[in-house]
Amino acid sequence: MRSEVSTLEQQRDALLSLARGCGYVGHWDCASRNAGEALQIDSSSKEARRLVTLATHETELQIAPPADAPPSPPYDTRDLLSHH
1 MRSEVSTLEQ
11 QRDALLSLAR
21 GCGYVGHWDC
31 ASRNAGEALQ
41 IDSSSKEARR
51 LVTLATHETE
61 LQIAPPADAP
71 PSPPYDTRDL
81 LSHH
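Following the UniProt record's numbering, the numbering of the sequence shown begins with 1 at its first residue and continues without gaps.
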């Protein structure tokens with residue numbers, strides 16, 4: 001039993017290490033996947049939960065358009081034509 005618990009803890013720790021490394025370089029899908037697997041091994045892991053939440057938040061920030069960005073005005077080709 002102790003051997004199995006030790007093995008699971010080692011797997012969890014290795015997955016958390018991978019998740020931290022992925023997050024460090026901005027690969028949030030990788031961070032989320034590894035932290036999620038660590039969370040499946042140890043559902044009480046606060047670090048795994050924190051990394052999953054952080055990865056989800058960072059992924060949403062990358063996808064979401066800026067909230068207060070004004071729409072771009074249409075490009076006026078008349079300026080190009082009058083130049084020549």
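Just so it is clear, CB atoms sit at the ideal spot from N, CA and C, and this is done for glycine as well.
For the pair residue 63 and residue 1, the Cα-to-Cα distance works out to about 44 angstroms. Comparing C-alpha distances from residue 31 to each of 16, 43, 60 and 10 shows the shortest one belongs to 16. For residue 26, there is no enclosing alpha helix (DSSP H), as DSSP gives it neither H nor E. For the 7 angstroms CB-CB criterion, residue 58 and residue 28 form a contact. Between residue 36 and residue 25, the C-beta spacing is not below 7 angstroms.
One alpha carbon belongs to residue 7, the other to residue 41, and they sit about 10 angstroms apart.
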